[in-house]
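A quick write-up on the structure given underneath.
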Amino acid sequence: MTLKVTLITGRTINQGANLENKTSSDYLEATAYCELNSKDAGFLGKPGSNVKVKSRHGEVIVKLKENNGNPDGIAFIPMGPWANAVIDPDTRGCGMPGFKGIPVEVEATNDRILLMKELIARYK
Amino acid sequence: MELLIKNGAVYDPKNGIKGDKTDISIKDGKIVDKVSSKASVIDAGGRLVMPGGVDAHSHIAGAKVNVGRIMRPEDTRSGLKPRTKITRPYTGYTVPNVYAMGYRYAQMGYTTVFEAAQAIMKARHTHEELEEIPIIDKGALTLFGSNWPTMDFVREKNMDKLAAYVAWGLLASRGFGVKVVNPGGGEMWGFGKNVTGLDDVVPNFDVTPRDIIVSLMKVNEMLGLPHSVHLHCNNTGKPGDYKTTLASMELAKQVRPSKDRQVLHVTHLTFNAMGGTNWGDFESKADEIANFLNNSENVTTDMGQLIFGSATTMTADGPLQYANAKLTHGKWGNGDVELEDASGVVPMYYARQVSVFSIMWAIGLELALLTKDPYKVLLTTDHPNGGPFVNYPEVIALLMSNKKRQEEIKTLHEAVHKRTKIPGIERELDFNDIAIMTRAGSAKVLGLLDTKGHLGAGADADIAIYDIQPDQIDPSVEHAKVKSAFSSAAYTIKGGEIVVKDGQIVATPMGRTFWVDASVPDQHTDIMMKDIRLKFKNYYSINLANYMVQDAYVTHPNVVKAGVISVEVS
Amino acid sequence: MAVITDALCPFCGCTCDDLTIVTEGNKIIEAKHACKLGAAKIMGHHRIKAPMMRTDKNGNFKEVSYEEAINETAKILVNSKRPLLYGWASALCEVHKKGILLAEEVGGIIDNTASVCHGPSTLAVHEKGLPTSTLGQVKNRADVVVFWGSNPVQAHPRHMGRYSVFAKGFFSDKGRRGRKIIVADVRKTETANIADEYIQVQQGSDYLVISALRAILSGHADVVPDAVGGVPKEQLVKLVDTLKAAKFGAVFFGMGLTQSQGRYKNIDNAISLIFELNSFTKYVIMPMRGHYNVTGFGQVCSWETGFATAVDFARGVPYYNPGETAANDLLLRKEADAAMIIAGDAGAHFPANSVRHLAKIPVVQIDPYWNPTTEVANVVIPTAICGIEVEGTAYRMDGVSLRYRKMIEPTHPTDMEVLDRITERVREIKGD
Amino acid sequence: MQTVTLKPKKEIKISVEAENISPDKFAGKTEKDIQSIEIWMGNRRTTIGELFSVKVEGSAPAADTKLVLEGDFSRVKRIGEGMSGGLMIIKGNVDMHVGAKMSGGKITVTGNADSWAGREMKGGELIIEGNAGYYLGAGYRGETCGMRGGKIMVMGNALDFVGEHMCGGEILVKGNAGILPGLSNNGGKIVIEGNTSRPGSEMAKGTIIVNGTVDEMMPVFKLEGTEAVEGVAYRKYTGDVIISGKGVLYVK
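Residue numbers (the working numbering), protein chains in the order written: chain A, 100 to 223; chain B, -3 to 566; chain C, 2 to 433; chain D, 807 to 1058.
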């Protein structure tokens, strides 16, 4: 099924610890995932399975994770290239793109998560 | 390198020269008795020659100045001048960028400027900015009036420890002198409170503003610092504050100066000579302050003249600034510094037709005109509190021309007639008075009169030539010409180098930073440091090892030595 | 083996200055007292070895000399009509000064990573000012601390211990027990888990909630509806009482405010709340700055140009208007025709469309590490790591400047050296 | 009457700063004069003649000068900045700051205008037949006053912060407006025919009328009952109560 939720992005300690280590699998582990609470995640699959996150602005494959700190309908992806594939680029006259509050659709997928280099290669 | 300035109408108050045609010889950055025939020559052609201007109180660098810039992009977009091959871009009016700061002072013939307040903990920032201000010599006064160690040592009545702390604090901040702002009030503002007068007790520290001021004056003289204590009084900026100002000035009688200068400099009197009980019955009490100054020998002041238009108020007086922000309903910057002091920044617009501002405009002028000795009242605008320093020529013209004052008064709120004395004051200052208030006097107040503010042999070759001939102008009538000449120097010479010609910057050498290295007996420092180390262990949010300003931030130092001497306390 | 004490951490805006660094040879073997973030950076990762260039973005890099890479960089900048010089946050103030001079020389736009972090906080300061203090004031005095849209457990791990939650000080000798901790966020973060009170705000509604608090504080609870932004009115009324009861309150905010609906207006509103709370008791507010010296760039840029960031030098005088002159504005509008990215990673932290434009224009990267920006760069110049291999100045999140120590000797030229050489080459090409 | 027609010679990608395109700057000038007027493209100083073809008919003072801009001006900023009189028709889209600080005359944009249209406007008339971007009729960073006088009409939609810091004048948006219109309003009148959200925050003075739906109301207004404005019944609110504001917000 397709779950319609609001996406926010943000820092995490593992994302930060791998900030200078972005070609590594540790960085991918730390940033290429989407957190939902277990109720929302339950509609999509098991934690650790892949999901496709789609917005008006793009789509990206990331790993599903559970975090029950999230209220219903709120998805979280750590800041980084995977999150940025779907965020709202509009700077709304302030210079700041929309990293939080993006309507997205999340669905289960068998597609694999792109490596950092592959992800950026899409933009060339 | 040699340079000879011929045919100048020289005003050099320290050396008693009042408009005489005197040649000035310059060699290797200093004024000398004579130069060889190889010297380059500037023919001043009878034009006005003065020592380079010296400003003893201006906010030109550091945390609160930058807060002003960050708060005010609308100010930054005024005064723009694009970069040239010689100069970086100029920006801003009340809060100029570092480049405009140096260029504009030099263009007015000023060569030495002192930043009036830095907290030790934020001194590194002050010096980062000072390092980027071109041309002028500069220095910064260090805040001591609400510092926890100050209050501890005052409470213990241990002047040796206090002197050791002041000496160490000057070294830590590369500071030039002791600034005291609303003593005790800075600490109380930590909990949103304030002192209301000299005898309020600061909770937890058990000292009064009176104790703090007197103790700091004593150790200032014990250390024989070049400058005296530099005081921003308690209650500043409130109707009726002149009483606190007078009471604070009285305290100076308790201490004898260690040098040929005052023991207390009370700053920006426009904000401290206010009568009345509220903004409704607000009136000028500049006459009472002037009366005090006329009968006292150990206190000096500066005008802090108000300039109509845009200003940015900035001071370590945190509670005053919150009160100001409540009046303006506008932006409020607050910057308390742990264990040391407070600070605040509030934009202001001084409109002519507002009674309070009309009266404040009169206060600065009254003070300068009613005080007989110009050495006792320096010309400042407390930049950018009363207004930006680029308006000094306007102030000079006002002081030299009653006609101009009367023209101005016509445009002001009628309160200026009823609640000030300015309409009836006819005194007009002459070029010698102006040279004192902007050169010799400021240098004397700072304790730098040996090398600054005069044109005798041994002085720094800092010289301004203005495009007016004193014997052919009547400043009383031709005040516009006077203002224009002081706005744009024909020549500014800094350390023997021509930096301004016909009002344009032609060279941008780096000036020096003056700071005071005061020695005290090692055992006093050792005892004092025990307390300081505890403060860092328990209360500061950084380590002692990372506190003091390193040499890397003072790349062109001019170190003035001082140290413990015995002081007579009457 | 050598030991450096009182060393400063070059990771986040806390700039902890109590690290003990143990080195052996020219290698760091231990970073005592550092948190996970700081330790990761200090202990280091794989570095870019040598300068690289490629003629085509899909082509391979070839290693080149510094001289070649610097010459190419200068050519790219001089030929550009609208160069963007972006990044700067993981560099020292000494680098910023040189960067601003270079931006002036090439008529470029200089912007820093605050653009996607606390840039909106600066816009709010233009509106309302900033009632703040140094962190030691919070440590010594605070009895109420609010984290709004910020999550120090993940982003500033030692903030709570050193300054805000557990720290003990002169008037706060009870530490955590003497403080009320309030967290307002859209999800229950790890920081919320240690709070005394958690306010769950509906995503994008912070502005409304702050206005409701201001209305209640100003005695107008009557106009506030039963719930605002998902928060029940009773909870808001209670929160106002708690805030007012403080002797010293501090509000720390993060990207939960700067990046959500309303952007800087959320902070603008929060600053007004602080202004009004000061009529009752003492309050300060502070942004939780991310990179260790992102604050420093704003300081340097302000004293050099009068504007804190996003400064356009195209016409020789600084012009400033985020929304028009910030990095993503330029990239999304496809205005920039060249970019130099230094000490920041636009490739990783900009939206896809901005990265797409970077992929189309000549890009120079100056950085110690290989990251997504490298993938879209034409020229890559590796440099020494500021704050580890290079000493100099950085500003803590509260505006306290500190001098970073050198821990080990650099194996690459410093950013300062590289920028000096680029500027020199730019002047030669321009014939100045 | 003088008519000047400008057409871009080629596609403009790098932003052009064109405060010199205004009746005040063109009045009484020949084609050659106008061609040599300075204009900036990115960091390059160039001329109007380099970028645009110029056709001049007649010669007149600014008040009787009409500018016709044909072609793509969507990367040309600051057109008509500070304009004091005359007419300007921009046939198509235009970039940021069109009509900024204008004090008189009339500008018509037949397409869309990007952000800051009519910034700090003092007088005159600005008509945008398409959509407007952010900060329509707003101020500059840090200023306390945005639009002070004159009239702006947008036939389509406008984005966030319409009339921020407005101190006078009138703005009419026929379509929808983004969030926070009339923010920190200190005078003037804003009419939004369509929908909007969070109008009138920190409003001290002035009037805002919303004829569509208000998605989210600010919790800072006092409901004063209903009132008819030109025969239409509205719920009338006053506020912002936090700052004891005397602003009036009418919502249908």
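For every residue, glycine included, the Cβ atom is placed at its ideal position computed from N, Cα and C.
All values derive from a computational prediction rather than experimental measurement.
Alpha-carbon to alpha-carbon, residue j and residue i
| i | j | result |
| --- | --- | --- |
| GLY1051/D | ASN230/B | 34 Å |
| GLY559/B | PRO517/B | 9 Å |
| PRO180/A | PRO373/C | 8 Å |
| GLU564/B | TRP511/B | Caution applies to GLU564/B, whose pLDDT of 49 falls short of 50 and renders its modelled position unreliable; the model cannot decide the point. |
| ALA321/B | GLY236/B | 20 Å |
| SER566/B | ILE208/B | Confidence in SER566/B is poor, its pLDDT being 45 and thus under 50, which makes the residue's placement too unreliable to answer from. |
| ASN991/D | HIS53/B | 39 Å |
| PHE172/B | LYS30/B | 32 Å |
| ASP19/B | ASP256/B | 28 Å |
| PRO466/B | VAL45/B | 10 Å |
| THR950/D | GLU887/D | 19 Å |
Partner residues on chain A for residue i, Cβ-Cβ distance less than 7 Å
| i | result |
| --- | --- |
| THR259/C | MET195 |
Chain-order list of residues whose beta-carbon lies under 6 Å from that of residue i (same chain, five-residue window excluded)
| i | result |
| --- | --- |
| THR296/B | GLN258, HIS261, LYS372 and VAL441 |
| THR811/D | LYS861 and VAL874 |
| ALA185/C | TRP149, ILE200 and VAL202 |
| HIS413/C | PRO383, THR384 and ALA385 |
| ASP416/C | ALA92, VAL96 and THR384 |
| GLY956/D | MET927, GLY929, GLY930 and GLY975 |
| VAL960/D | ILE934, ALA938 and VAL979 |
Candidates the options, of which the one nearest residue i by Cα
| i | options | result |
| --- | --- | --- |
| ALA119/B | ILE423/C, SER402/C and GLU392/C | SER402/C |
| LYS448/B | GLY314/B, ILE464/B, HIS520/B and ASN554/B | ASN554/B |
| GLY1061/D | GLY877/D, GLY911/D and ARG851/D | With chain D running from 807 to 1058 in the structure shown, residue 1061/D is simply not present. |
| VAL427/C | ILE286/C, GLY109/C and PHE167/C | GLY109/C |
| SER921/D | ILE840/D, GLY984/D, ASN826/D and ARG850/D | GLY984/D |
| GLY147/A | THR122/A, LEU135/A and PRO196/A | LEU135/A |
| PHE314/C | LEU451/B, THR87/B and THR377/B | THR87/B |
| ASP39/B | LYS234/B, LYS17/B and LYS60/B | LYS17/B |
| ALA196/C | LEU209/C, HIS221/C, ASP223/C and SER165/C | SER165/C |
| GLY314/B | LYS417/B, HIS413/B and LYS189/B | LYS189/B |
| SER124/A | LYS216/A, ARG221/A, TYR222/A and VAL104/A | LYS216/A |
Under 7 Å by beta carbon: chain D residues contacting residue i
| i | result |
| --- | --- |
| GLY324/C | SER921 and TYR940 |
| HIS127/C | ARG947 and GLY948 |
Other residues of its chain near residue i: CB distance less than 8 Å, five sequence neighbours each side excluded
| i | result |
| --- | --- |
| HIS350/C | THR114 and VAL117 |
| ILE101/C | ILE111, VAL301, CYS302, GLU305, THR306 and VAL312 |
| ASP878/D | PRO814, GLU817, ILE818, GLY898 and ASN899 |
| GLU158/A | LYS151, VAL152, ALA184 and VAL185 |
Sequence-distant residues of its chain with Cβ nearer than 7 Å to residue i (five each side left out)
| i | result |
| --- | --- |
| LYS1042/D | GLU1030, GLY1031, THR1032, GLU1033, VAL1054 and TYR1056 |
| HIS121/B | GLY58 and ALA59 |
| LEU219/B | ALA159, VAL162, ALA163, ALA514, ALA558, GLY559 and VAL560 |
Partner residues on chain B for residue i, Cβ-Cβ distance less than 7 Å
| i | result |
| --- | --- |
| ALA309/C | ILE66 |
Under 7 Å from the C-beta of residue i: neighbouring residues of chain C
| i | result |
| --- | --- |
| PHE1027/D | VAL224 |
Closer than 8 Å at the beta carbon, the chain A residues around residue i
| i | result |
| --- | --- |
| GLN236/C | Within 8 Å Cβ-Cβ: nothing; GLN236/C doesn't reach chain A, min ~15 Å. |
Cross-chain neighbours of residue i in chain D, by beta carbon under 8 Å
| i | result |
| --- | --- |
| ARG84/B | The premise fails here: ARG84/B is roughly 16 Å from chain D at the closest Cβ pair, so nothing lies under 8 Å. |
| ARG73/B | TYR946 |
Cross-chain neighbours of residue i in chain C, by beta carbon under 8 Å
| i | result |
| --- | --- |
| VAL1047/D | ALA216, SER219, HIS221 and VAL224 |
With a threshold of 8 Å, are at least 3 pairs of Cβ atoms found where one atom belongs to the stretch 76 to 84 of chain C and the other to the stretch 331 to 341 of chain C? yes
Does the stretch 240 to 252 of chain C come close enough to the stretch 198 to 217 of chain C that 3 or more CB-CB pairs lie under 8 Å? yes
Count the CB pairs spanning the stretch 320 to 331 of chain B and the stretch 297 to 307 of chain B that are closer than 8 Å, and state whether there are at least three. no
Would you call the stretch 471 to 479 of chain B and the stretch 395 to 406 of chain B in contact, with 3 or more CB pairs under 8 Å? yes
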